[in-house]
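One structure is given below, encoded as structure tokens.
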Amino acid sequence: MCGIVGCVGQRRVAPILVEGLRRLEYRGYDSAGLAVIRPEGLSVFREVGRVADLARGLPDELEGSVGMAHTRWATHGGVSRKNAHPHVDATGRIAVVHNGIVENAPEIRSRLERDGIRFRSETDTEVIPHLIRTFYAGDPQQAVRAALQRLQGTYGIAVLFADHPDLLIAARNGSPLVIGLGEGETLLASDSQALVQYTRRVVFLSDGEVAVLSREGVDTTLLDGVRVDPAIQQLDEEWDVPDRGDWAHFMEKEIHEQPESIRRCLRGRVLAREGTAKLGGPDMTPRDLLGVGRVELLACGTSFHAATVGAMAIERLARVPASARIASEFRYRNPIVNRDTIFFAVSQSGETADTLGAVREVQTKGGEVLGIVNVVGSSLARACGRGIYVHSGPELAVASTKAFTSQVTALLLFTLLLARTRTLSGHEGRAVAEALLRIPDQVAAYLEDPGPVEAVADLVQHARYALFMGRGFSHAVALEGALKLKEVAYVPCEAYPAGEMKHGPIAMMEEGTPVVVVVPDDSVREKTLSNVQEVRARGARVVVVHSEGDPEAAAMGDLSIAVPRTLEILSPLLTVLPLQLLAYRTGVRLGRDIDRPRNLAKSVTVE
Ligand code: M6R
Numbered sequence: 049m050c051g052i053v054g055c056v057g058q059r060r061v062a063p064i065l066v067e068g069l070r071r072l073e074y075r076g077y078d079s080a081g082l083a084v085i086r087p088e089g090l091s092v093f094r095e096v097g098r099v100a101d102l103a104r105g106l107p108d109e110l111e112g113s114v115g116m117a118h119t120r121w122a123t124h125g126g127v128s129r130k131n132a133h134p135h136v137d138a139t140g141r142i143a144v145v146h147n148g149i150v151e152n153a154p155e156i157r158s159r160l161e162r163d164g165i166r167f168r169s170e171t172d173t174e175v176i177p178h179l180i181r182t183f184y185a186g187d188p189q190q191a192v193r194a195a196l197q198r199l200q201g202t203y204g205i206a207v208l209f210a211d212h213p214d215l216l217i218a219a220r221n222g223s224p225l226v227i228g229l230g231e232g233e234t235l236l237a238s239d240s241q242a243l244v245q246y247t248r249r250v251v252f253l254s255d256g257e258v259a260v261l262s263r264e265g266v267d268t269t270l271l272d273g274v275r276v277d278p279a280i281q282q283l284d285e286e287w288d289v290p291d292r293g294d295w296a297h298f299m300e301k302e303i304h305e306q307p308e309s310i311r312r313c314l315r316g317r318v319l320a321r322e323g324t325a326k327l328g329g330p331d332m333t334p335r336d337l338l339g340v341g342r343v344e345l346l347a348c349g350t351s352f353h354a355a356t357v358g359a360m361a362i363e364r365l366a367r368v369p370a371s372a373r374i375a376s377e378f379r380y381r382n383p384i385v386n387r388d389t390i391f392f393a394v395s396q397s398g399e400t401a402d403t404l405g406a407v408r409e410v411q412t413k414g415g416e417v418l419g420i421v422n423v424v425g426s427s428l429a430r431a432c433g434r435g436i437y438v439h440s441g442p443e444l445a446v447a448s449t450k451a452f453t454s455q456v457t458a459l460l461l462f463t464l465l466l467a468r469t470r471t472l473s474g475h476e477g478r479a480v481a482e483a484l485l486r487i488p489d490q491v492a493a494y495l496e497d498p499g500p501v502e503a504v505a506d507l508v509q510h511a512r513y514a515l516f517m518g519r520g521f522s523h524a525v526a527l528e529g530a531l532k533l534k535e536v537a538y539v540p541c542e543a544y545p546a547g548e549m550k551h552g553p554i555a556m557m558e559e560g561t562p563v564v565v566v567v568p569d570d571s572v573r574e575k576t577l578s579n580v581q582e583v584r585a586r587g588a589r590v591v592v593v594h595s596e597g598d599p600e601a602a603a604m605g606d607l608s609i610a611v612p613r614t615l616e617i618l619s620p621l622l623t624v625l626p627l628q629l630l631a632y633r634t635g636v637r638l639g640r641d642i643d644r645p646r647n648l649a650k651s652v653t654v655e
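Number 655 marks the last residue of the sequence shown (the numbering used here); no jumps.
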């Protein structure tokens, strides 16, 4: 969704800002804008459409070494140049870019309008520069703090004052901002991807903090003016700006990175000899784990599907009751939070508003939530305080692929650890640990020779309706396969538990309806195969995703794709691969915008 970049430097800032916005394009946006401080005052440029359109409209060699820029994903007010950020106060000497939503904007706006201020946009953001102006008497930081104390809602903001041409002010409440400490320049961004090519020394701003960026560094205070010491961190190489290389799209690249991303998630965490896992982040002793009476996993979208696999694995292996909950629903159901329940928030971005809301609800009720997060320093990672980083590295395609398999891997590691404190013997634990360690090579082997994915894409690309089905772990995989096909190819489809299919979706079967069945050689294989017979008998064209060396399952499909064999609880790590490729190949055939599908954003920071 919206993105912010800023810089107080010594060289021309416009190219840094445009490049920073380009790095944030993957998050989704519909307009862009930029402001720089020039000797004659603030200059603001805004454009609907792509960052490239904004860049084309900038004057050649635009002067100024201090500036900020924004990509907007419309919430309040349509997609138009006047609604794009930055917004300025009536004098044009204070400019603001903003991520988040000002909930009391209508009241503030009416009050300011009564005082004679004329608004130029329909956005909630425009109240901020006007409000800052009403408090400004020469001290920019004090004016920003005073204005922010009147705002309700969420914000990550950057503010420029023409009167203070060497400063950029930033503040955060619920919308991420990270400050980059370079040589003689200080940068700001809503996502470290816009900074890492300049510096890996960063400070993650916390909620309630206001930072003043200068060429010398950063000064941070709380809203009441109390000074805070910034905690400087060094970003790992894994967060360096990814290069698409020879791959046609980031999605394709990220699918093929999975052997390495899963290996990274496992690195140093599997104790093969002891048949258990070692997870520093959760910081739980075996004794603590023995006290866990229930596990609840909170997530949205693909992360919810990973959480579904995790919940099933925890119940199956550790015999601890576990469920995956859709965060946007969970937060409003007045959830029951028990002392012996441990919650996990599962999120690639760590910025999903619904998941953050669910975490706060659990915390308000006294519950303990751990994060299973990819993005280091993200809001969820910070809100949870401890948890497991999944180490996928940057995932730029909107459709999540490698983050899914890393989330599943992290949850399986936790499952193994938990199960060893109760149900699992050392011998059994070793079998799981060894199977986990084999997964990266098996993923690589499958991706080398993925089977007839093109033929399956041919079958589904013009379908009026397609069905994905599976039982148990494979139902979660079917859900993920259908979500991917919708997101990337816009093909109408749904996923159902194979046994539930006859209670409704079977009515959709007609001659040629594509049905993708996920049926590895597991405890429910026979049952799933009988469901295959039911759809076949009604004219469906069946695609079977099965384990290698299962000719009976293969023979039941019009098309069949084999994946390497593994334990049932690990099977999603392999069976999901053909479904990711299917969505990708179908999207390519249909000419879709693969890495930035319509209407979607990489991190969904609104409810
Ligand atoms: O960043 P998160 O994992 O919290 O995001 C949750 C969903 O928005 C996300 O998984 C979404 O479904 C993806 N576009 C899936 O490809």
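Ideal Cβ placement from N, Cα and C applies to all residues, glycine included. Fair warning: this is a prediction, and the values are worked out from it, not measured in the lab.
Looking at Arg-168, Ser-169, Glu-170 and Leu-160, the one whose alpha-carbon comes closest to that of Ile-180 is Leu-160.
Rounded to the nearest angstrom, the gap between the Cα atoms of Phe-392 and Pro-87 is 51 Å.
Here Gln-281 carries a strand assignment [DSSP, helix/strand/coil]. Leaving aside the five residues that flank Asn-152 on each side, the residues in its chain whose CB is nearer than 6 Å to its CB run, in chain order, Gln-200. In the displayed model, Pro-562 falls within a strand according to three-state DSSP. Going by C-alpha positions, Ile-436 is about 41 Å away from Asp-606. DSSP places Met-556 in no beta strand (DSSP E); its state is neither H nor E.
If you draw a straight line from the Cα of Pro-568 to the Cα of Ser-522, it comes to about 8 Å.
Around the beta-carbon of Thr-634, 16 or more other beta-carbon atoms lie within 10 Å, marking it buried. In this structure, the beta-carbon distance from Arg-75 to Ala-649 falls below 8 Å. With 5 Å as the limit, the residues whose C-beta approaches a heavy atom of the ligand M6R more closely than that are Cys-348, Gly-349, Thr-350, Ser-351, Ser-395, Gln-396, Ser-397, Thr-400, Ala-447, Ser-448 and Val-652, in chain order.
Three or more beta-carbon pairs drawn from the stretch 519 to 536 and the stretch 439 to 458 are found closer than 8 Å, and the two stretches are therefore classed as touching. The beta carbon of Val-340 is closer than 7 Å to those of Val-368, Asp-388, Ile-390 and Leu-466 in its chain, skipping five residues each way along the sequence.
Taking all protein chains in view, the Cβ of Glu-528 is crowded by 16 or more other Cβ atoms within 10 Å, so the residue is classified as buried. Contact annotation: the stretch 488 to 496 touches the stretch 299 to 307, with at least three C-beta pairs closer than 8 Å. If one requires a minimum length of 4 residues, the alpha helix (DSSP H) runs lying completely within the stretch 371 to 416 are 375 to 378 and 401 to 412, in chain order. Setting aside the 5 residues that flank it on each side, Phe-378 is surrounded in the same chain by Leu-346 and Ala-406, each with a C-beta closer than 7 Å to its C-beta; the list follows chain order.
Just so you know, the alpha carbons of Val-539 and Leu-630 end up roughly 11 Å apart. Exclusion of the five residues before and after Val-480 leaves Leu-464 as the residues of its chain whose Cβ lies within less than 6 Å of its Cβ.
Uninterrupted beta strand (DSSP E) stretches at least 3 residues long and entirely within the stretch 117 to 205 occur at 142 to 147, given in chain order.
Note on the stretch 422 to 461: whole alpha helix (DSSP H) runs with a minimum of 4 residues are 427 to 432, in chain order. Collapsing the DSSP output to three states places Gly-222 in a strand. In the same chain as Asp-172, and ignoring 5 residues on each side of it, the C-beta atoms closer than 7 Å to its own belong to His-124, Ile-149, Val-150 and Ala-153, in chain order.
Annotated as proximal: Leu-236 and Gly-54, with beta-carbon spacing under 8 Å. Membership of Tyr-246 in any alpha helix (DSSP H) is not indicated, and neither H nor E is assigned to it by DSSP.
With a 10 Å radius around the Cβ and a threshold of 16 neighbouring Cβ atoms, His-146 comes out buried. Nearest neighbour of His-475 by Cα position, chosen from Ala-320, Val-590, Arg-519 and Asp-255, turns out to be Ala-320. In the three-state reduction of the DSSP assignment, Tyr-74 falls in the helix class.
In the three-state DSSP reduction, Ser-238 falls in the coil class, being neither helix nor strand. Within the DSSP secondary-structure output, Arg-94 pairs in a beta bridge with Gly-81.
Take the alpha-carbon of Asn-131 and the one of Ser-169: they are about 5 Å apart.
In the three-state reduction of the DSSP assignment, Thr-614 falls in the coil class, being assigned neither a helical nor a strand state. In the DSSP assignment, Tyr-544 falls within the unbroken beta strand (DSSP E) covering 541 to 545. Val-357 is not a Cβ neighbour of Ala-537, given a cutoff of 8 Å. Counting only the Cα atoms, Lys-550 lies some 57 Å from Ala-279.
The continuous stretches of beta strand (DSSP E) do not include Leu-271, and DSSP gives it neither H nor E.
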